[in-house]
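Since the structure comes first, as structure tokens, the remarks are kept for the end.
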Ligand SMILES: [Zn+2]
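In UniProt numbering, the protein residues as written are 1 to 161.
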């Protein structure tokens, strides 16, 4: 039994949207949520208590829990899942869209192009700026005095001649 198959009417639109790794985490948290009691504070806030007696505050509207796992991973923690079940909120609605296959696909798409672009641009820029900055910087100190001496004397001589 999994977290999504038990909730029969969400099987179709829930399980296929997220990455297997995320589904695995949620399934694990779903199992752990069995040992957690959720007490309703209001429709979207729950006080939960785990087997060890530790209590956490889950807010389903802000998708946060005082255990910090929910808002850090953006995946519902066992307490949040317990609260969601109590609230009859679909667990997969609590999983961040960043883990959806669609979102990941577009994120990768966005990543690959701009990053490679940026890299080549940066490489070109840094390469160009290295060429711009380094040769003058290294040439100037030894080059300038000589050049200015040679040039100025040459110019003076030429202009004087
Ligand atoms: Zn939690």
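Where is the CB? At the ideal position from N, CA and C, for every residue including glycine.
- Would you be able to state if there are at least three C-beta pairs under 8 Å between the segment 38-49 and the segment 16-30? no
- Message: Let me check understanding here. Comparing Cα to Cα, which of 102, 58, 35 and 51 lies closest to residue 94?
- Response: 58
- Message: Taking only three categories from DSSP, how would you classify residue 40?
- Response: strand
- Message: Based on DSSP bridge pairs, tell me the residues matched to residue 59.
- Response: 45 and 64
- Under 8 Å between the Cβ atoms of residue 23 and residue 87? no
- Item | Where the alpha helix (DSSP H) containing residue 21 begins and where it ends | 20-33
- If you measure from the CB of residue 26, is any heavy atom of ligand 1 nearer than 7 Å? no
- Query: What three-state label does DSSP hand residue 106 in the structure shown?
  - Reply: helix
- So is residue 106 buried or exposed if we call it buried at 16+ other beta carbons inside 10 Å? exposed
- Within the same chain, show all residues whose beta-carbon is closer than 8 Å to that of residue 74, passing over the 5 residues directly before and after it, in chain order. 63, 95, 96, 98 and 99
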